[in-house]
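Right, one structure below, let's go through it.
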Amino acid sequence: MADGVGKRKKKAIVAAGGEAAPAPARKVKTAAAPKAPREKRHHHHVYVVELADQVWNEPRFRKANPDYRLGMPFVYVGMTGLDPDLRFDKHKAGIQANRFVFDYGLRLLPRLYEVYNPMPYEAAREMEVELAIGLREAGYGVWQA
């Protein structure tokens with residue numbers, strides 16, 4: 108040590124009645140001011156992605172769409188807490204991607220979902236299913252996961 112006295116010796120000196128440096132002052136914790144309840148921001152979205160016609164060659168997709176009407180679009184219906192454009196980009200980059208969107212996704216179809224967004228989480232979960240059912244009943248080929 109620089110002054111020639113180690114930590115153990117300093118403790119022994121203090122214990123023997125020697126002088127010790129005063130302890131640094133500690134901050135006293137005060138109670139935090141109560142926070143006003145934050146307004147919940149509705150930030151969940153449903154979205155629809157147009158899929159390429161080649162998706163019809165996938166047996167699982169065909170099986171999920173027995174009432175598909177020839178000539179109608181193929182779509183994927185999803186739900187996200189992100190902006191739909193960002194979520195589509197993540198699908199195409201392979202980040203938490205649905206395989207059909209990754210392989211066959213062409214573009215978002217905002218005319219089919221913009222009117223509903225944004226919404227709370229539970230409403231988005233329900234709307235994803237309802238939108239998929241509605242599009243399937245209209246003859247679309249739909250994948251909803």
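If you count the sequence shown from 1, position 73 lands on 180 in our numbering, and the numbers rise without skipping. Built from N, CA and C at the ideal position, the CB exists for glycine as well.
Worksheet item: Out of curiosity, what's the CA-to-CA distance linking L177 and Y183?
Response: If you number the sequence shown from 1, residue 177 lands on position 70. If you number the sequence shown from 1, residue 183 lands on position 76. Going from the Cα of L177 to the Cα of Y183 covers about 17 angstroms.
Worksheet item: Near N224, what residues of its chain come up, given a Cβ to Cβ distance below 6 angstroms and the 5 sequence neighbours on each side ignored?
Response: Working through the sequence shown from its first residue, we reach residue 224 at position 117. Its chain contains H152 as the residues whose beta carbon lies nearer than 6 angstroms to that of N224, once the 5 sequence neighbours on both sides are disregarded; these appear in chain order.
Fill in: Y175 - partner residues in DSSP beta bridges
If you number the sequence shown from 1, residue 175 lands on position 68. Paired residues: none, contrary to the question.
Discussion item. By DSSP's criteria, Y183 is part of a beta bridge. Which residues make up the other side?
Written reply: The residue you call residue 183 lines up with position 76 of the sequence shown. DSSP, once it has assigned bridges, lists V156, W250 as partnering Y183.
Discussion item. Considering only the alpha carbon of each residue, which of E229, L213, A245, E233 lies closest to Q161?
Written reply: Counting from 1 along the sequence shown, the entry for residue 161 is found at position 54. Here the closest residue by C-alpha is L213.
Worksheet item: Hey, would you say V249 sits closer than 7 angstroms to L242, going by beta carbons?
Response: Locating residue 249 in the sequence shown gives position 142, counting from the first residue. Locating residue 242 in the sequence shown gives position 135, counting from the first residue. Annotated as proximal: V249 and L242, with beta-carbon spacing under 7 angstroms.
Practice prompt. Assuming E157 contacts P180 (C-beta within less than 8 angstroms), just tell me the rounded distance between them.
Written response: Numbered from its first residue, the sequence shown carries residue 157 at position 50. Numbered from its first residue, the sequence shown carries residue 180 at position 73. 6 angstroms between Cβ atoms; contact.
Worksheet item: Is it buried or exposed for G185, if we count other Cβ within 10 angstroms and need 16 for buried?
Response: Translated into the one-based positions of the sequence shown, residue 185 becomes position 78. By the 10 Å Cβ count, G185 comes out buried.
Worksheet item: Ends of the beta strand (DSSP E) at R214?
Response: Taking the sequence shown and counting its residues from 1, the one referred to as residue 214 is at position 107. Element bounds for R214: 212-215.
Worksheet item: DSSP three-state call for H149: helix, strand or coil?
Response: Here residue 149 is taken as the residue at index 42 of the sequence shown, counted from 1. H149 carries a coil assignment under DSSP once its states are collapsed to helix, strand and coil.
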